[in-house]
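So the structure is just underneath, and the comments pick up after that.
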Amino acid sequence: MKKSMFLVVLAALLLALTTAPAFAAAKAHLLVNGDKVPAPVFVIEDGVTMVAAETYTGLAGADFSEAGDTYTITENDATLSLTNGKYEAMLDGQAVALPRAPYRANGTVYIPLRAVASAFGFEVDWNAETLAVILNRNETRDGMNPSDLLVKATAASQAYNTYSMSGGFDLLMKLMADDKIVESPVQMSMTLEGQIQENPMKLYVVETVLANEAAQVPEMTIEMYMDEEKMYMKMPGQEWTALEQPFSAEFLQEQMSIQSDPLKAVEQMKEMGVILNFGNDRVVDGKNYYVVNACLDLEKFMGNFHGMIQQVMQPVPVDPAADATAEEVQEELQKLLANSKMDYSYTVFIDKETLISDVVEMDIMMELAMENPEVVEDETGEPGPQTINMLFDMKGKFNISGLGEPFVEPEINAATVTP
61 MKKSMFLVVL AALLLALTTA PAFAAAKAHL LVNGDKVPAP VFVIEDGVTM VAAETYTGLA
121 GADFSEAGDT YTITENDATL SLTNGKYEAM LDGQAVALPR APYRANGTVY IPLRAVASAF
181 GFEVDWNAET LAVILNRNET RDGMNPSDLL VKATAASQAY NTYSMSGGFD LLMKLMADDK
241 IVESPVQMSM TLEGQIQENP MKLYVVETVL ANEAAQVPEM TIEMYMDEEK MYMKMPGQEW
301 TALEQPFSAE FLQEQMSIQS DPLKAVEQMK EMGVILNFGN DRVVDGKNYY VVNACLDLEK
361 FMGNFHGMIQ QVMQPVPVDP AADATAEEVQ EELQKLLANS KMDYSYTVFI DKETLISDVV
421 EMDIMMELAM ENPEVVEDET GEPGPQTINM LFDMKGKFNI SGLGEPFVEP EINAATVTP
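The sequence shown begins at 61 in the numbering used here and counts up one residue at a time.
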């Protein structure tokens, strides 16, 4: 693959896969309420499924803590205490027999899945034909399951045509060549302040980037404004530049139609592979919150990926210098995905009184594995690396406020139109 085309493919992937999930390599798999758990970490030992504590708490929406050899899992008002190497646990003071003792291996705590899940109300089964560990539980909050709650939260937010958001991401990026780190890790902090209007669609965001010395990027502030016709960018030290709207009118209309219907919006999430569960209720700054966790099922997501990327990329012209058509870029994206790993999850805090989603926390990990587009000799005469890996670890948090306040547009007097 030519270097110019490689850059186009990489840029398109980072644009399109902000919500990409993790690849699961294991033959056996976990199903929770009919949904496949992305990239579970577990082993089956003498007929007992030992699952990583982090995997269990993720699929159950529980909290996990450890102190020495004692591991504690808390869900709602129930607390299960386990001890490393001990075949008995305590659930709110009551003894629970374990078929195998918890243990730690390579920094990961493993716990017996059936015993722990059953203690918290799951029905657990094993399908030998499909190699599936099956967990089922009907969990509700005030009579609502996670989907019901999101439908009501979406409907509540639609009473307001505008809202503001503030927050940011912390990003750690590593570059590896033939499995060796070739540069110091890049650390970046990005803060975002913005406002969104639903109808007619308008978006204004101010992003400030801070980076460590390894990134070789100075502190900068970037402004972006977008409406239904144009997108405008203002880079440091420059005036506003006008760009063509990156999404087709048909795509925008379709998304606006879906988002205007709470049931359709939640259904679209399910079609794209979003898996929902409840986290423990929280109290933050005196407010009571429902907590909904979400992750993505890779197979469902990839089933919709081709159509989605066509819609996203259709109106975007490909640089002629790349010597590649949009179809070729999509093909290369699929190849890149086949050798990559991605994990994306987020948590939404929904105010119990207003049903407004006040806080969103995001956790994204991505590893892009690719062949070096141009293997050439370095200054020592040695050949360059055959493979390049880029590892991203991104964590973010956003607060929602200013519901219904007038939308404030930036002053764009005369923007240069990009040819």
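Positions of the beta carbon are idealized from the N, C-alpha and C atoms, including for glycine.
Using the three-state DSSP reduction, which class does A88 fall into: helix, strand or coil? The DSSP-derived three-state label of A88 is coil.
P466 classed as buried or exposed, judged by whether at least 16 other C-beta atoms fall within 10 angstroms: Residue burial annotation: P466 is exposed, with fewer than 16 other C-beta atoms found within 10 angstroms of its C-beta.
Out of L415, V420, K412, E413, point me to the one whose CA is closest to Y406's CA. If we check each option's Cα against that of Y406, V420 comes out closest.
Assuming T139 contacts D152 (C-beta within less than 8 angstroms), just tell me the rounded distance between them. Contact between T139 and D152 holds, since their C-beta atoms are separated by about 6 angstroms, short of 8 angstroms.
Going by beta carbon distance, what residues of the same chain come within less than 8 angstroms of N340, once the five residues before and after it are set aside? If the five residues before and after N340 are omitted, its C-beta is found closer than 8 angstroms to the C-beta atoms of G121, A122, D123, T134, E135, N136, V351, all from its own chain and listed in chain order.
How would you write the range of the beta strand (DSSP E) that G94 sits in, first residue to last? Segment: none, G94 is in no beta strand (DSSP E) and carries neither H nor E.
At a cut of 8 angstroms, does the region 218–233 reach the region 246–257 through at least three beta carbon pairs? They touch, by the three-pair rule.
Who pairs with I33 in a beta bridge, going by DSSP? The requested residue 33 does not occur in the structure, where the chain is confined to residues 61 to 479.
Tell me which residues share the same chain as M280 and place their Cβ nearer than 6 angstroms to its Cβ, disregarding the 5 neighbours each side in the sequence. When the five nearest sequence neighbours on each side are left out, the beta carbons in the same chain lying within less than 6 angstroms of the beta carbon of M280 are those of V269, P296, in order along the chain.
Collapsed DSSP secondary structure at M48 in the structure displayed: The chain is shown from 61 up to 479; residue 48 falls before or after that span and cannot be answered.
Based on the DSSP secondary-structure assignment, which residues constitute the bridge partners of Y116? None; Y116 has no bridge partner.
Compute the beta-carbon to beta-carbon distance between P98 and V211, rounded to the nearest angstrom, for a pair I have assumed lies under 8 angstroms. Not quite, the Cβ-Cβ distance comes to about 23 angstroms (not below 8 angstroms), so this is no contact.
Are the CB atoms of L231 and M425 nearer to each other than 9 angstroms? No.
CB contact flag (M248, M233, <9 angstroms): In contact: M248 and M233 (Cβ atoms closer than 9 angstroms).
When you measure from the CB of T132 to every non-hydrogen atom of the ligand GTP, does any distance come out below 8 angstroms? The ligand GTP is not part of the structure shown, which contains no ligands of any sort.
Can you find the residues in the same chain that come closer than 6 angstroms, C-beta to C-beta, to L463, ignoring five residues on each side of it along the sequence? For L463, same chain residues with a beta-carbon under 6 angstroms away, outside a window of 5 residues either side, are Y220, Y223 in chain order.
If contact is defined by three or more beta carbon pairs under 8 angstroms, each pair taking one atom from either stretch, is the region 156–172 in contact with the region 102–114? With a cut-off of 8 angstroms, the region 156–172 and the region 102–114 count as touching, because enough Cβ pairs lie within range.
Using DSSP bridges, identify the partner residues of L448. The sequence shown places Ile at residue 448, rather than the Leu named in the question. Bridge partners of I448: A237, M430.
Host alpha helix (DSSP H) of E327 (start-end): Taken as a continuous stretch (DSSP letters only), the alpha helix (DSSP H) holding E327 covers 322–331.
Alpha carbon to alpha carbon, how far is P100 from K401? Give it in angstroms, no decimals. When only Cα atoms are considered, K401 and P100 end up about 13 angstroms apart.
Within a Cβ cutoff of 6 angstroms, which residues of the same chain sit near A215, ignoring the five residues on either side of it in sequence? P322.
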